[in-house]
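> The structure under discussion is supplied below as structure tokens; questions concerning it will follow.
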Amino acid sequence: MAKAIAEVLPNTTHRLCLWHILQKFPEHLAHVNNMFPDFQKDFRHCIHETITTNEFEEEWASILVKYELGENNWLKNLYIRLDKWVPAYLHSTFCAGMSTTQMSESMNKFFKDYVRSSTMISDFVHQYEKTLDARYFKEKEKDVRTKSTRAILKTPLKIEEEAAKVYTRKSFIIF
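Each number in my numbering comes from the position in the sequence shown (counting from 1) with 87 added on.
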């Protein structure tokens with residue numbers, strides 16, 4: 088699949104789904120999980136909480152040493168392709184605000200009403216543009232509603248008043 092994507096869509100970044108990778112944990116690392124209760128927590132922290140590639144590399148190396156996993160073939164294979172699934176390596180890749188764990192599920196939901204498997208590529212592009220236009224229109228509607236109505240303030244604080252000017256009504260309620 089990766090070769091086909093690279094050939095047909097050369098400017099596209101092929102990513103691996105982090106959710107699916109983590110689902111294979113029990114299959115490949117159950118023995119480590121059983122021996123070390125903190126292993127999964129440490130591994131998830133390494134993946135989700137590291138911001139820079141250097142930070143990730145340091146934590147990854149520490150995990151391999153701490154849990155004696157330097158020779159684990161599954162982890163070696165993941166490491167070779169870390170630029171396709173580790174968030175710290177994907178900062179420069181535009182993903183429309185979706186994380187790797189959301190990617191396939193969100194995209195399926197996003198296009199479900201607009202595209203079928205039999206859709207031609209030209210129709211797909213047209214439908215994609217319509218989908219984006221619909222999303223843009225909904226955002227603009229929310230902006231207009233925010234600018235043309237007054238939020239009900241719960242305090243006399245200036246910060247709440249300023250937040251009411253900036254946030255959509257739905258977001259302001261959360262604030």
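Using N, Cα and C, we set each Cβ at its ideal position, and we do this for glycine too.
Which value, in whole angstroms, describes the spacing of the CA atoms of residue 88 and residue 101?
Cα to Cα, the separation comes out at about 9 Å.
> Going by alpha carbons, who is nearest to residue 241 out of 259, 143, 91 and 105?
Among 259, 143, 91 and 105, the Cα nearest to that of residue 241 belongs to 259.
> Are residue 127 and residue 112 close, meaning C-beta to C-beta below 8 Å?
Their beta carbons are under 8 Å apart, which means residue 127 touches residue 112 by this criterion.
> State the CB to CB distance for the pair residue 146 and residue 137, rounded to an integer number of angstroms; the pair is presumed to be in contact (CB under 8 Å).
Contact flag correct, Cβ pair sits at about 6 Å.
> For the alpha helix (DSSP H) containing residue 116, list its first residue and its last residue.
Per DSSP, residue 116 belongs to the alpha helix (DSSP H) from 112-122.
> Assuming residue 248 is part of the alpha helix (DSSP H), what are its boundary residues?
Residues 245-253.
> Do you know offhand how far residue 231's Cα is from residue 220's?
Roughly 16 Å between the two C-alpha positions.
> Do residue 134 and residue 173 have their CB atoms nearer than 8 Å?
Yes, they are a contact pair.
> Excluding the five sequence neighbours on either side, which residues of its own chain have a C-beta within less than 6 Å of the C-beta of residue 161, listed in chain order?
For residue 161, where only same-chain residues beyond five positions count, the Cβ hits under 6 Å are 115.
> Below 8 Å between beta carbons: does that hold for residue 236 and residue 256?
Their beta carbons are under 8 Å apart, which means residue 236 touches residue 256 by this criterion.
> Identify the continuous alpha helix (DSSP H) that holds residue 232 and give its terminal residues.
Start and end: 208-235.
> How long is the line joining the alpha carbons of residue 216 and residue 90, rounded to whole angstroms?
Residue 216 and residue 90: Cα-Cα distance of roughly 26 Å.
> Could you check whether residue 157 and residue 151 sit closer than 8 Å to each other, using their CB atoms as the reference points?
Contact flag set, yes.
> Determine whether the Cβ of residue 229 lies closer than 8 Å to any Cβ atom of chain C.
No chain C is part of this structure, which consists of one protein chain only.
> Buried or exposed, going by whether 16 or more other CB atoms sit within 10 Å of the CB of residue 108?
When all chains shown are included, residue 108 counts as buried.
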